[in-house]
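2 protein chains.
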Amino acid sequence: MATDLYDLTVPVFLRGLRNLSAILHKGAAYAAEKGIDPLTLTQARLIADMAPLTAQIQYASDTAKGAMIRIGGLDPVPMADTEQSFADLQERIEKTIAFLESVPRERIDGRDDAVVTLKTPRGDFTFTSRSHVLGFAMPNFYFHVTTAYALLRQAGVPLGKMDYLGGI
Amino acid sequence: MATDLYDLTVPVFLRGLRNLSAILHKGAAYAAEKGIDPLTLTQARLIADMAPLTAQIQYASDTAKGAMIRIGGLDPVPMADTEQSFADLQERIEKTIAFLESVPRERIDGRDDAVVTLKTPRGDFTFTSRSHVLGFAMPNFYFHVTTAYALLRQAGVPLGKMDYLGGI
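Below you can see the structure in the form of structure tokens.
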């Protein structure tokens with residue numbers, strides 16, 4: 001009856017990334033329709049010292065794939081963080097989705113209480129897999145998807161909550 | 169080993185609301201320090217046709233308490249949505265936290281596959297408790313907490329990701 005760790009992660013990240021892809025498609029269509037340089041949207045920031053839209057997609061991607069790699073003890077899947085255009089960002093999302101779809105359920109389920117370490121410039125954070133998902137990966141993933149939505153919504157792209165929630 | 173539904177919900181919402189409270193305290197302190205009318209912050213919007221900061225807190229509160237009420241078959245806990253000031257918003261968060269702390273684990277665990285219905289102006293959405301949490305309540309809750317963060321961050325309040333993630 002309780003929720004297996006795979007069900008708590010892979011399908012959740014997949015839905016979020018598919019919704020993010022649809023949101024970015026609406027951003028690109030809006031730029032084309034209004035004659036806006038698409039790079040002004042992909043480089044948009046909420047404030048000068050906050051990361052731009054491109055980085056929000058990179059961080060969402062990294063959060064999802066990093067969590068599964070750490071939990072499953074899987075090989076790293078490096079991505080270069082060089083995306084600039086909407087097409088680049090779609091490719092990043094597609095690669096992240098393809099990786100998530102390749103994660104074997106048997107490498108994830110039952111790992112709930114296994115220790116994982118998140119290495120950051122601010123030091124190492126130690127979690128169980130469950131607390132890593134609930135206390136870091138999930139909120140961090142949604143932070144970056146929501147911030148991407150916010151940047152495009154603020155720029156005038158016609159978006160609504162259902163674009164974010166998707167597949168409800 | 170898998171995750172019980174209570175652990176997937178109540179402590180997650182509690183941490184998010186406590187972090188949201190700390191973020192709002194920083195917003196109030198910033199307004200005081202800079203001589204800004206606090207209501208210009210609590211009424212801030214990302215764009216004219218999007219809900220203001222006050223509503224972001226109300227929606228985060230409603231999402232958390234609504235999910236637990238639906239899943240647990242608990243009595244409604246109406247809140248009037250009349251908050252204007254930072255103090256009002258803190259009180260709303262405190263009341264929501266007090267309710268969540270009162271939710272009995274035995275009314276939640278094991279309800280994973282029970283059907284719940286979300287009534288909205290756009291029609292009714294039917295879920296299992298698990299899909300309601302993973303596909304609606306969790307992303308919607310983080311959407312509103314992140315948007316609250318974004319509004320204050322954009323207004324110049326000194327906030328960083330750790331204010332949002334908190335208790336990592």
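Protein chains in written order, with my numbering: chain W, 1 to 168; chain X, 169 to 336. Note that beta-carbon positions come from the ideal geometry of N, C-alpha and C, so glycine has one too.
Task: 8 Å Cβ cutoff met for ARG15 of chain W and GLY303 of chain X - done: For the purposes of this step, residue 15 of chain W is taken as residue 15 along the first sequence, with counting starting at 1. For the purposes of this step, residue 303 of chain X is taken as residue 135 along the second sequence, with counting starting at 1. In this structure, GLY303 of chain X lies closer than 8 Å to ARG15 of chain W by Cβ.
TODO: Determine the DSSP secondary structure at VAL77 of chain W, reduced to helix, strand or coil.
DONE: As a working mapping, residue 77 of chain W is identified with position 77 in the first sequence. Looking at VAL77 of chain W - three-state DSSP - the assignment turns out to be coil, as it is neither helix nor strand.
Task: Alpha carbon of GLY334 of chain X to alpha carbon of VAL325 of chain X, nearest angstrom - done: As a first step, residue 334 of chain X is located in the second sequence; it is residue number 166 there, counting from the start. As a first step, residue 325 of chain X is located in the second sequence; it is residue number 157 there, counting from the start. Spanning the two alpha carbons is a distance of roughly 17 Å.
Task: Three-state class that DSSP yields for LEU118 of chain W in the structure shown - done: The sequence position of residue 118 of chain W within the first sequence is 118, counting from 1. The answer is strand: DSSP assigns LEU118 of chain W an E or B state.
Open item on the list: Less than 8 Å between C-beta atoms, sequence neighbours within five positions excluded: which residues of the same chain meet that for GLN58 of chain W?
Closed with: Looking up residue 58 of chain W in the first sequence gives position 58. Around GLN58 of chain W: MET79, ASP81, GLU83, ARG92.
Open item on the list: Which residue wins for smallest C-alpha separation from PRO76 of chain W, given the options W:LEU100, W:LYS26, W:SER21?
Closed with: Reading the first sequence from its first residue, position 76 is the one you call residue 76 of chain W. Comparing Cα-Cα distances from PRO76 of chain W to each of W:LEU100, W:LYS26, W:SER21, the minimum goes to W:LEU100.
Open item on the list: Judging by CA-CA distance, which residue of X:PHE311, X:PHE254, X:LEU214, X:GLY241 is the nearest neighbour of ASP277 of chain X?
Closed with: Along the second sequence, one-based indexing puts residue 277 of chain X at 109. Nearest option by C-alpha distance: X:GLY241.
Task: Rounded separation between LEU53 of chain W and SER299 of chain X - CA only - done: Your numbering for residue 53 of chain W matches position 53 in the first sequence. Your numbering for residue 299 of chain X matches position 131 in the second sequence. Computed Cα separation, rounded: 29 Å.
Open item on the list: Taking the alpha-carbon of ARG153 of chain W as reference, which of W:ARG45, W:ILE97, W:ARG111 has the nearest alpha-carbon?
Closed with: Along the first sequence, one-based indexing puts residue 153 of chain W at 153. Nearest of W:ARG45, W:ILE97, W:ARG111 to ARG153 of chain W, Cα basis: W:ARG45.
- [ ] Could you tell me whether any Cβ in chain W is nearer than 8 Å to the Cβ of ASP249 of chain X?
- [x] In the second sequence, counting from the first residue as 1, residue 249 of chain X sits at position 81. False, the Cβ-Cβ gap to chain W never drops below 8 Å.
Open item on the list: When you compare the CB positions of THR296 of chain X and LEU8 of chain W, do they come within less than 8 Å of one another, or not?
Closed with: As a position in the second sequence, residue 296 of chain X is number 128, starting the count at 1. As a position in the first sequence, residue 8 of chain W is number 8, starting the count at 1. No, they are not a contact pair.
- [ ] Return the CA-CA distance between ALA266 of chain X and MET50 of chain W, expressed in angstroms with no decimal places.
- [x] Reading the second sequence from its first residue, position 98 is the one you call residue 266 of chain X. Reading the first sequence from its first residue, position 50 is the one you call residue 50 of chain W. Within the model, the alpha-carbon separation for ALA266 of chain X versus MET50 of chain W is close to 34 Å.
Open item on the list: If I measure Cβ to Cβ from ASP37 of chain W and keep anything under 8 Å in the same chain, skipping five residues before and after, which residues do I get?
Closed with: In the first sequence, residue 37 of chain W corresponds to position 37, counting from 1. Correct list, in chain order: ALA31.
- [ ] Using a Cβ cut-off of 8 Å (strictly closer), state whether THR96 of chain W contacts chain X.
- [x] In the first sequence, residue 96 of chain W corresponds to position 96, counting from 1. No, its Cβ sits nowhere closer than 8 Å to a Cβ of chain X.
Task: Below-8 Å beta-carbon distance, PHE136 of chain W vs any chain X residue - done: On the first sequence, position 136 is the one that residue 136 of chain W refers to. Cβ-Cβ to chain X under 8 Å: yes for PHE136 of chain W.
- [ ] Assign THR171 of chain X to one of three DSSP states: helix, strand, or coil.
- [x] Along the second sequence, read from residue 1 onward, the residue named residue 171 of chain X stands at position 3. Note: THR171 of chain X maps to strand in three-state DSSP.
- [ ] Write down the C-beta distance between PHE362 of chain X and TYR142 of chain W rounded to the nearest angstrom, noting that I regard them as a contact closer than 8 Å.
- [x] Because residue 362 of chain X is not part of the residues shown, which for chain X are 169 to 336, the question remains open.
- [ ] With DSSP as the reference, please indicate the residues paired to GLY123 of chain W in a beta bridge.
- [x] Sequence index remark: in the first sequence, residue 123 of chain W carries index 123 (1-based). Bridge partners of GLY123 of chain W: W:THR120.
TODO: Verify the CB distance criterion: does GLN211 of chain X have a CB-CB separation below 8 Å to chain W?
DONE: As a first step, residue 211 of chain X is located in the second sequence; it is residue number 43 there, counting from the start. Answer no: the Cβ-Cβ gap between GLN211 of chain X and chain W never drops below 8 Å.
- [ ] Could you give the DSSP three-state label for THR315 of chain X: helix, strand or coil?
- [x] Position 147 of the second sequence, counting from 1, holds the residue named residue 315 of chain X. DSSP places THR315 of chain X in helix when its eight states are reduced to three.
Task: Under 7 Å by beta carbon: chain W residues contacting GLN322 of chain X - done: Residue 322 of chain X sits at position 154 when you count from the first residue of the second sequence. Simply LEU46, ILE47.
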